[in-house]
Amino acid sequence: MGGPDGAPLKAVREALGLTLRELAEARHHGLNATRVEAELLRTAATGPRV
Numbered sequence: 135m136g137g138p139d140g141a142p143l144k145a146v147r148e149a150l151g152l153t154l155r156e157l158a159e160a161r162h163h164g165l166n167a168t169r170v171e172a173e174l175l176r177t178a179a180t181g182p183r184v
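Residue numbering for the sequence shown is 135 to 184, as defined by my numbering.
Here you go:
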């Protein structure tokens, strides 16, 4: 999350409904995401796969 190759933080926060505190913890410690959530976040960062 975040950084040049990561999912945009705003998109992560909105997609998963995280509070700012939860987002900060996820960024610092990592995020345990389901396969669907992970794909959603990748799509937010890179655009849909074709």
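Just so you know, even glycine gets a beta-carbon here, dropped at the ideal spot from N, CA and C.
Look at Leu150 here: in three-state DSSP terms it is helix. Leaving aside the five residues that flank Glu173 on each side, none in its chain has a CB nearer than 7 angstroms to its CB.
In terms of Cα proximity to Ala158, the closest of Arg176, Thr177 and Lys144 is Lys144. Thr168 carries a coil assignment under DSSP once its states are collapsed to helix, strand and coil. Under the three-state reduction of DSSP output, Ala145 falls in the helix class.
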